[in-house]
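One structure is given below, encoded as structure tokens.
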Amino acid sequence: MSEERPASPALAGLNEAQRHAVSLGEGPVLVIAGAGSGKTRTLVHRVAWLVEQGVPPHSILLLTFTRKAAQEMLSRARNLHPDCAGVEGGTFHSLCHRLLRQYGRRLELPPNFTVLDRPDSEQVVKGVVEELNLKEKGDKRFPKARGLLEIISKARNLELELTEAIEQFAGHLAGYQDQILAAAQGYAQAKQAQALVDYDDLLFRAEEILRRHPEVRGELHRRWRHLLVDEYQDTNAVQARLVQLLCDKRNNVMAVGDDAQSIYAFRGARVQNILEFPAKFPGARLVKLERNYRSTQPILDLTNAIIAEASQGFAKHLYTRQGQGPKPELVRTRDERGQSRAVVERIRRQLDAGARPEQIAVLFRAGNDSSDLEIELTAEGMPFVKVGGLRFLEAAHIKDALCHLRVAANPQDFLSWQRVLMLLPGYGPKKAQAVIAHLVQATPPPGYAVALSALPAALTSPELGELAILMGQLTAPGLTPLEAVELVLAYYEPICRDAFEDHPRRLRDLEELPNLARAYDNLTDFMAEVALEPPGARGEELAGDRLTLTTIHSAKGLEWEHVFLLWAAEGRLPAGPSLGDPEAIEEERRLMYVACTRARQSLTLVAPREYYLRGQGVTPVGLSRFLDQVADGLLQKEAAGPVFDVAPPLGGLPAIPSSRGSQRQARPFPVGGQVRHATFGLGKVMGYQGERKILVHFGRYGLKILMLQFANLQAE
DNA sequence: CGTTTACGTAGACTG
DNA sequence: TACGTAAACG
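Per numbering that gives the first Met the number 0, residue 0 is the first one in the first sequence, and the count goes up by one each step.
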């Protein structure tokens, strides 16, 4: 590198374009940062540079896509200039949350409001549907709470009338329009009545405050003089307006992003925000970062070719001085099993060649696209972490525990009350509702604990007495979140033990809660932070020495030495539902681009020639159009060896040729017999898959394919 | 008898 | 995992 060494640490070690962006003076700036072009580095140095220039750290606000990203950037900035410790950072949602706590009273929102996550919102919607009797008995086609919420949320995010959203995204539900409208209205009312706020509300209500209250705006303008926004390509319309509202006349805003990596249109993100930035902020300076520091030239050649076909966006062409490496490899396999085996085989080779597991990732479009591979990896004894699956916070047992804290923080949160009450033996929906009806009459805390002990005899029980005691303890003044969590765990652990067969694992999860709570000094803050950005699923800390399996969405911003992409096939990437819609196809293209640009050294794209489609049986599928359009020379095309192309015997389950692993006894359990599994409990043997896998149907968990070697089944 | 609980089965993208 | 239905509970 030929860059000179400036005296300023904030300008050290940057290339020319980066240094230019970092050291621009006042006024709006748009940084178009190609994949791997040092976007984060640029933001970090910009923060440090501003501080070096004498800008007070607390007057700088850094908005990022995840809280973790903000923390990482600020900690790196601190290394450049210690005063950066005072810089404020977070996500749009966390910012709005803070604003609502502080100024929410102006919208008649009490400061102890509860933030609803997705499943919470579904519960509320479900309650509304029941209460308003929107669904006719036995109507199977009536949309589920999840579907209703999807439309409601989509309409809000895209800022459409609900009727339009139905028409556009759920034409098949047109017949239910009135019910959907009523559900949406009831949902809004329920939220208002119980001081509940969902993710969308956080943004819209914060905007409302800023719009309606110039004095708040003024206060914030005096507080934050410089605004930096990361991942601008994934902001939605409200977020873009929030940025404008947060800027005063000087428009000291730096937006950083890559229009080629916009992959959240499905939830309202607008690529247009970044494309329109120069128009919205007159005088904006545009800086393009096109030098890539991540990937080898052959990988960049491919990704450039993929994105070159995109229909709109800032023209840019990434280049690197990283030098050469292997061409991206395209592997066609017969079917999904072949895909899994091809990937396992190659990973094995890479590990043998000295690669570290944490430097290898397997990417895919949808959460379930990796299920077969997961079986294969488990069979081979290759440990992995899966990112983008169920969130820690959404696991039933974690929610159970947290709901106790939530009612302590916000006694009006009847949704959480319901959950808390239904954990008691003998309390189902009806009885819980009856108890809540009494609570509604009571005065807020400490009256709630009292009200619980003053219920009519028919509604009480010894267990409810325990709960009343707990609630009394939780509402004690000056209780720290840590103490509160300990109290709840002491109460909840026995319940968890009774409720779940796999309680050992769940209890281990629960042990994490005190650790999380330790960092907060009041309960309301703790609850809000946990709801807004749940701590990574278990595994995040265990990630060392393991492969990563992740959805492309969750891989955003990350990189690995070796990257595999599963299902580079029509119908998967691009995904089936997108096929009819040109804009959706463009987003799929960007997904392919994001996936491929995660790779540093090697990139392997796998595409089975057929897949199983529910209802249609085995269907042949073509190579993803995004790879088909690309010049031949860019890919190393490889058919997987014959071992991957073994045809499954017709009419039966495919037998897997197994090379490793010792079989003790071929089929130790009779088909149709009962077996017991430590986690899944009692199940019925449905059959075998090859010599090593057994199919068992477990009542609660459905059909499972288990490795005989590891499953530890007991005949029953 | 109304409720709770247990059971069996269909259904799923992406945060 | 979630929902609808059927058995068991009180």
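For each residue, glycine too, the CB sits at the ideal point set by N, CA and C. Just so you know, these numbers come straight off a predicted model, no measurement behind them.
**OP:** Rounded to whole angstroms, what's the CA-CA distance from Gln673 to Ile494? Just pull it up for me.
**Re:** 28 Å
**OP:** From the DSSP output, in three-state form, read off Thr302 for me.
**Re:** helix
Original post:
Which residues mark the beginning and the end of the alpha helix (DSSP H) in which Gly337 is found?
Top reply: Glu335 to Asp351
Original post:
Buried or exposed: where does Lys326 fall if 16 or more other Cβ atoms within 10 Å of its Cβ makes it buried?
Top reply: Classification for Lys326: buried.
Original post:
Going by alpha carbons, who is nearest to Glu289 out of Thr319, Asn514, Glu379 and Pro667?
Top reply: Thr319
Subject >> Status (buried if at least 16 other CB within 10 Å, exposed otherwise) for Asp257 >> reply: Here Asp257 is buried: its Cβ has 16 or more other Cβ atoms, across all protein chains shown, within 10 Å.
Original post:
Do the stretch 250-264 and the stretch 66-79 make contact, defined as three or more Cβ pairs closer than 8 Å?
Top reply: no
**OP:** Could you please give the first and the last residue of the uninterrupted beta strand (DSSP E) stretch that includes Val252?
**Re:** Val252 to Gly256
Original post:
What's the call for Lys636, buried or exposed, on a 16-neighbour Cβ count within 10 Å?
Top reply: The C-beta of Lys636 has fewer than 16 other C-beta atoms within 10 Å across all chains shown, which makes the residue exposed.
Original post:
Taking just the CA atoms, how far does Arg405 sit from Leu717?
Top reply: Nothing about residue 717 can be reported from this structure: the residues present for the chain run from 0 to 715 only.
**OP:** State buried or exposed for Ser745, treating a residue as buried only when at least 16 other CB atoms are found within 10 Å of its CB.
**Re:** For the chain, the structure presents residues 0 to 715; residue 745 sits outside this window and is missing.
Original post:
What did DSSP end up calling Lys385 once you bin it into helix, strand or coil?
Top reply: strand
**OP:** Have a look at Ala189, Leu557 and Ala483 and flag the residue whose alpha-carbon is nearest the alpha-carbon of Lys722.
**Re:** Residue 722 falls outside the range modelled here, since the chain spans only 0 to 715, and no answer is possible.
**OP:** Kindly indicate which residue of Val50, Leu565, Asp399 and Pro281 has the alpha-carbon position closest to the one of Asp368.
**Re:** Leu565
Subject >> Reduced DSSP category for Lys398 - H, G, I as helix; E, B as strand; rest coil >> reply: helix
**OP:** Kindly indicate which three-state DSSP category Gln713 falls into: helix, strand or coil?
**Re:** strand
Original post:
Who are the near neighbours of Pro607 in its chain, counting only those whose CB is closer than 8 Å to its CB and skipping five residues on each side?
Top reply: Arg331, Thr332, Arg333, Asp334, Glu335, Gly337, Gln338, Trp566, Ala568 and Val620
Original post:
From what residue to what residue does the alpha helix (DSSP H) around Arg507 run?
Top reply: His502 to Ala516
**OP:** Determine contact between the stretch 415-431 and the stretch 194-205, defined as no fewer than three beta-carbon pairs at a distance below 8 Å.
**Re:** The stretch 415-431 is not in contact with the stretch 194-205.
Subject >> Other residues of its chain near Glu719: CB distance less than 8 Å, five sequence neighbours each side excluded >> reply: In this structure the chain extends from 0 to 715, so residue 719 is not present and cannot be described.
**OP:** Would you check if the distance between the CB atom of Val28 and the CB atom of His44 is smaller than 8 Å?
**Re:** no
**OP:** Work out the CA separation of Leu512 and Arg155 for me, nearest whole Å.
**Re:** Going from the Cα of Arg155 to the Cα of Leu512 covers about 33 Å.
Subject >> C-beta contact flag for Ala47 and Ala9 at 8 Å >> reply: For Ala47 and Ala9, yes; Cβs fall inside 8 Å.
Subject >> Proximity of Ala254 and Val286 at Cβ, strictly below 8 Å >> reply: no
**OP:** Measure the C-alpha to C-alpha separation of Leu755 and Lys143 and round it to an integer number of angstroms.
**Re:** Any question about residue 755 goes unanswered here, given that the chain covers just 0 to 715.
**OP:** Could you tell me the boundaries of the alpha helix (DSSP H) in which Phe736 lies?
**Re:** Since the displayed the chain opens at 0 and closes at 715, residue 736 lies outside it and no answer follows.
Original post:
With C-beta atoms as the reference, is Gln260 less than 8 Å away from Gln232?
Top reply: yes
Original post:
Going straight from the alpha carbon of Asp300 to that of Leu633, what length do you get?
Top reply: So the two alpha carbons sit approximately 7 Å from each other.
Original post:
Taking Ala307 as the reference, which of Gln628, Leu159 and Ala714 has the closest Cα?
Top reply: Gln628
**OP:** Report the option in Ala583, Asp544 and Leu531 whose CA atom is closest to the CA atom of Thr65.
**Re:** Leu531
Original post:
In this structure, does DSSP put Trp559 in helix, strand or coil?
Top reply: strand
**OP:** Under 8 Å Cβ to Cβ from Glu207, same chain only, skipping five residues before and after it: list those, please.
**Re:** Leu106
Subject >> Nonlocal neighbours in the same chain, by C-beta distance under 6 Å from Leu622, ignoring five residues either side >> reply: Ala606
**OP:** Using the Cα positions of Val717 and Ala183, report the straight-line distance between them to the nearest angstrom.
**Re:** The requested residue 717 does not occur in the structure, where the chain is confined to residues 0 to 715.
**OP:** Would you list, in sequence order, the uninterrupted alpha helix (DSSP H) runs of no fewer than 4 residues that lie entirely inside the stretch 163-225?
**Re:** 176-193, 198-211 and 213-222
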